[in-house]
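Only one structure is covered here, and it is reproduced in the block below.
Numbering (my numbering), first residue to last: 271 to 860.
Laid out in structure tokens, this is it:
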């Protein structure tokens with residue numbers, strides 16, 4: 271039995287996503303041959319080459335003419351000045367792009383001017399490579415398709431449209447040939463997020479088009495959010511044979527066994543599959559306890575090729591969220607949330623195993639939120655062992671997170687904590703069922719900063735019922751702590767499928783959720799509120815806040831969690847002060 275697991279492009283390939291290594295470990299432990307391929311890394315790595323950028327320039331010349339004055343008539347057109355820029359500057363950019371990758375993969379990334387130029391080169395190369403497929407855009411943060419991928423009709427067209435689909439040619443020349451050569455019994459495609467939908471479904475289309483005798487199964491959080499919609503859109507099964515929803519280890523193993531032994535798929539749990547002209551759904555199986563599954567297996571992934579100055583790997587301390595009540599969050603995807611966690615000793619052992627196998631010293635935990643118990647236990651163990659790792663992860667503003675614990679975390683190697691701030695208005699936090707208190711938030715940010723831990727915060731504007739005054743309280747809070755916050759991710763409220771706000775809108779002051787008929791694969795929805803700000807006002811507030819942000823001399827350090835984490839680790843090793851996010855750098859440097 272042979273399985274090929276694929277992770278399609280989505281974001282900056284700084285470290286592997288946990289989806290494939292987790293499934294790979296479970297299947298290999300049960301005697302299944304597994305080939306895992308991180309196509310997110312492979313696609314970025316191929317695009318960011320001299321030959322690819324040169325070919326992109328030639329393609330633009332063929333499409334638009336040498337002076338960008340002969341635009342084609344069969345497609346949407348980018349601005350002429352952008353095409354001219356690409357044609358005039360592209361060949362020089364092509365000469366620089368591979369050197370830029372080398373810099374990002376080395377300690378030279380932390381040399382501010384050198385790292386910045388390399389970072390800008392990569393951004394410009396991706397912009398140029400995307401132009402022939404305009405308005406589609408592949409950048410370091412995400413992928414934007416040329417048409418809505420939550421519309422199945424548009425998605426089915428895009429998977430085969432060479433004008434707008436950057437992945438088609440890359441896949442045909444690469445992974446498709448490998449699938450044909452390997453002849454796997456099952457191909458699994460992980461789709462954790464909406465920006466991966468086109469890249470993932472294009473894989474399914476090409477495998478089907480090639481007529482391969484292999485079973486294609488899709489899975490991941492995004493597919494789990496669509497579990498009730500997939501049976502209503504049978505034509506989407508032209509791109510795959512089945513979908514595993516929720517946790518996938520046991521269902522995927524049983525699916526592989528059923529496919530290879532040619533038995534009924536109806537016995538496989540957590541499955542949505544096509545049976546002739548009928549779409550069938552099997553019962554859900556409770557997820558495995560995290561202590562009953564093997565640790566992730568990264569063997570086969572080219573860890574030296576990720577775009578990061580040091581190798582970093584993800585781990586989980588737990589499955590699920592120990593709080594699991596926030597009204598804006600869809601953890602559990604609308605079903606009863608289960609939670610299980612590893613003991614601190616087991617976590618430390620996994621970290622040491624990764625160090626021994628892969629030489630990794632930086633671990634970024636991917637949990638919804640670290641439990642205070644594990645923060646305490648892991649920190650003490652690693653401190654006792656001489657702080658062999660730098661690590662970081664998400665945490666809640668809990669009362670029990672005090673100065674003593676934060677100092678212990680820092681001494682045990684914690685270099686970054688990502689806090690779910692969301693809002694600094696207590697009435698709004700109460701409406702969110704956030705379960706946090708302002709006085710603890712004030713104290714923890716200050717004490718965490720004093721402990722030398724990089725504080726990253728998540729917050730957003732526009733939760734139903736939030737007023738301008740509430741939003742101003744969040745802004746005031748952040749500026750009050752401008753010395754203590756090192757970075758942040760901000761946005762506006764998203765009405766996400768299966769969140770409590772989506773399932774019980776009236777309880778949260780939502781008067782109407784707008785469901786568009788043509789968006790039959792939607793996971794985000796427009797909405798109307800009974801009072802407070804609407805989404806347009808929230809967007810204006812967010813834009814106004816961002817306009818007030820001081821410029822960063824070296825913005826490459828703030829692009830994603832991995833870069834922030836590694837930058838924080840680097841600064842601590844050099845004995846340098848962690849830079850405040852909301853203070854101008856001239857003020858900091860003085």
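We put the CB at the ideal spot given by N, CA and C, even for glycine.
According to the DSSP assignment, residue 796 belongs to the beta strand (DSSP E) that extends over 794-799.
C-alpha of residue 719 to C-alpha of residue 600: approximately 30 Å in a straight line. Residue 406 and residue 400 have their C-alpha atoms spaced approximately 7 Å apart. A direct Cα-to-Cα measurement between residue 828 and residue 834 gives close to 5 Å. Nearest Cα to residue 684 within the set 713, 669, 652 and 698: 652.
With a cut-off of 8 Å on Cβ pairs, the region 294-302 is in contact with the region 549-565, counting three or more such pairs. In the structure shown, residue 761 falls within a strand segment according to DSSP collapsed to helix, strand and coil. Annotated as proximal: residue 689 and residue 667, with beta-carbon spacing under 8 Å. Contact check for residue 721 against residue 757 fails: the beta carbons are separated by 8 Å or more. Rounded to whole angstroms, the gap between the alpha carbons of residue 678 and residue 416 is 49 Å. A residue is called buried when at least 16 other Cβ atoms come within 10 angstroms of its Cβ; residue 540 meets this threshold and is buried.
Cβ contact annotation for residue 437 (same chain, cutoff 6 Å, sequence separation greater than five): 469 and 472, in chain order. When the beta-carbon positions are compared, residue 464 and residue 425 stay at least 8 Å from each other. For residue 794, the closest alpha carbon among the candidates 330, 496, 404 and 848 is that of 496.
Here the C-alpha atom of residue 820 lies approximately 21 Å from the C-alpha atom of residue 716. Under the three-state reduction of DSSP output, residue 470 falls in the helix class. For residue 777, the number of other beta carbons within 10 angstroms of its own is below 16, and it is reported as exposed. Cβ-Cβ separation between residue 730 and residue 763: approximately 6 Å, consistent with a contact (criterion under 8 Å).
For the set 303, 515, 386 and 535, the Cα lying nearest the Cα of residue 824 is the one of 386.
Take residue 812, set aside five residues on each side of it, and the residues of its chain with a beta-carbon closer than 7 Å to its own are 731, 760, 761 and 762, in chain order. Sorting 475, 421, 661 and 748 by C-alpha distance to the C-alpha of residue 785 places 421 at the top. For residue 620, the three-state secondary structure derived from DSSP is helix. Bounds of the beta strand (DSSP E) holding residue 724 are 724-731.
Taken atom to atom, the span from the alpha-carbon of residue 797 to that of residue 404 is near 30 Å. Look at the beta carbons and you see the region 357-374 not touching the region 798-808: under three pairs across the two are nearer than 8 Å.
Bounds of the alpha helix (DSSP H) holding residue 297 are 289-299.
When only Cα atoms are considered, residue 310 and residue 817 end up about 32 Å apart.
Burial is judged here by how many other beta carbons sit within 10 angstroms of a residue's own beta carbon; residue 742 has fewer than 16 and is exposed. With a contact defined as Cβ atoms closer than 8 Å, residue 449 and residue 477 qualify at about 6 Å.
For the pair residue 488 and residue 525, the CB atoms are not nearer than the 8 Å cut-off. Beta-bridge annotation (DSSP): residue 545 is paired with 548. If you draw a straight line from the Cα of residue 414 to the Cα of residue 279, it comes to about 11 Å. The criterion of a C-beta distance shorter than 8 Å is not satisfied by residue 701 and residue 692.
In the structure shown, residue 463 adopts coil according to DSSP, grouped into three states. Contact between residue 542 and residue 513 holds: their C-beta atoms lie close to 4 Å from each other, under 8 Å.
Residue range 303-308 is occupied by the beta strand (DSSP E) that includes residue 306.
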